[in-house]
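Residue 35 in the working numbering is what sits at position 35 of the sequence shown, and the numbering runs on without skipping anything. For each residue, glycine too, the CB sits at the ideal point set by N, CA and C. Bear in mind the structure is a predicted one, so any value in this text is a computation, not a measurement. Below is one structure; the comments refer to it alone.
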Amino acid sequence: MRFKRKIYYRKLRHKKIRKLLLYGIIMPSTLILLGYLVASLIILPAMAG
């Protein structure tokens, strides 16, 4: 019983770490990259022309 509980909480901890990485690092960097691409491909040529 104790062994199963230990594995259960380990899985929960890993899920929490995975979500933290996803929402804390990957999502913001992706949004910044997308914003940069939109600005460089759409907005800047429209302003120049």
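Problem - Where A1 sits in the DSSP three-state scheme - result: It is Met, not Ala, that sits at residue 1 in the sequence shown. M1: coil per DSSP, three-state reduction.
Exercise for the section: Just the C-alpha distance for R5 and L12, rounded to the nearest angstrom, thanks. Expected result: 11 Å
Problem - As assigned by DSSP and simplified to three states, the class of G49 - result: When DSSP states are grouped into helix, strand and coil, G49 belongs to the coil group.
Problem - Rounded separation between I42 and L34 - CA only - result: One Cα belongs to I42, the other to L34, and the distance between them is close to 12 Å.
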